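Worksheet: the structure to be examined is printed underneath.
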Amino acid sequence: MKGFTLVELIIVLVVVAILAVGAAPLFIGSGGTESLVLRERALSILRNVQLNAMQNTQADCYVAVLQNNALGLATTPSCGAGSSTLAASEDSANQMADFGGKNLTVTDSNGDSVSLPIDIEFGPLGRPNDASGLICSGSQACRLTFTEANGANQSVCINREGYIYGC
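For what it's worth, our numbering labels the leading residue of the sequence shown as 86, then goes sequentially.
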């Protein structure tokens with residue numbers, strides 16, 4: 086007799102079902118992938134600004150500007166004034182523009198919501214300066230949260246010692 090046994094058919098169906106459960110989310114929807122990509126880009130940009138501040142200790146500070154639709158290294162930093170500006174150029178290694186309809190919310194270390202635009206200043210030791218208006222020196226970290234329309238969100242945190250991480 087030629088053919089498959091019932092046990093072999095059941096095993097094949099179970100394996101196909103496991104693969105379908107694992108692969109289906111990749112084809113059905115993004116499931117938070119877009120906010121994760123924004124978080125990773127924000128981490129990269131903020132760490133780059135921080136490294137610039139730590140390498141050029143002659144400057145008072147290096148500033149990252151957070152706006153409703155952009156984040157990046159300030160082209161004209163105003164240390165302590167909170168009025169730095171971004172270049173009007175396209176996306177680059179130091180700037181990302183257009184969050185693609187994702188909302189950005191910022192909270193300080195006290196958990197209070199911060200209105201945008203806001204500057205994050207980094208001093209020579211890589212620590213965020215509170216003079217920029219974003220208070221990161223409390224016991225909790227400052228939090229930048231990207232939220233998608235479906236409610237999925239990803240956050241970037243900055244603690245008072247300057248550690249920038251996904252939270």
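Backbone N, C-alpha and C fix where the C-beta goes; we use that ideal spot for every residue, glycine too. Values in this document were obtained by computation on a predicted structure and should not be read as measured data.
According to DSSP, is ILE220 part of a helix, a strand, or is it coil? In this structure, ILE220 counts as coil in the three-state DSSP scheme.
Kindly indicate which three-state DSSP category THR306 falls into: helix, strand or coil? Because the chain spans 86 through 252 in this model, residue 306 falls outside it and cannot be assessed.
Please state the DSSP three-state secondary structure of ALA237. Of the three classes helix, strand and coil, the one that applies to ALA237 here is coil, per DSSP.
Ends of the beta strand (DSSP E) at GLU206? For GLU206, the enclosing beta strand (DSSP E) has its first and last residue at 203-207.
Top-ranked residue by Cα proximity to GLY185, from ASN133, CYS146 and LEU156: Comparing Cα positions, the closest option is LEU156.
Closest to GLU119 by C-alpha separation, out of GLY247, ALA237, ARG245 and CYS164, would be which residue? Looking at the Cα atoms, ALA237 is the closest of the given residues.
With H, G and I counted as helix, E and B as strand and the rest as coil, what does DSSP make of GLN180? In the structure shown, GLN180 sits in a strand (DSSP, three-state: E or B).
Within the continuous beta strand (DSSP E) that includes ASN133, where are the two ends? According to the DSSP assignment, ASN133 belongs to no beta strand (DSSP E) but to the alpha helix (DSSP H) extending over 118-140.
What three-state label does DSSP hand LEU151 in the structure shown? In the three-state reduction of the DSSP assignment, LEU151 falls in the strand class.
Leaving out five residues on either side along the sequence, give the residues of the same chain with a beta carbon under 8 Å from the beta carbon of GLY196. Closer than 8 Å at the Cβ level, and outside the excluded window around GLY196, lie GLN225.
Is ASP204 closer than 9 Å to SER169 when the C-beta atoms are compared? It is a contact, given that the beta carbons lie within the stated cut-off.
Do ALA138 and LEU229 have their beta-carbon atoms positioned less than 9 Å apart in this structure? No, the Cβ-Cβ distance between LEU229 and ALA138 is not below 9 Å.
How about LEU201 and GLN135: do their beta carbons lie closer than 9 Å? No, these two residues do not count as a Cβ contact at 9 Å.
Using the Cα positions of PHE89 and ALA105, report the straight-line distance between them to the nearest angstrom. The C-alpha of ALA105 is placed about 22 Å away from the C-alpha of PHE89.
Backbone secondary structure at LEU210 - three-state DSSP: Coil at LEU210, not helix or strand.
As assigned by DSSP and simplified to three states, the class of LEU171: Residue state for LEU171 is assigned as coil, using DSSP reduced to three classes.
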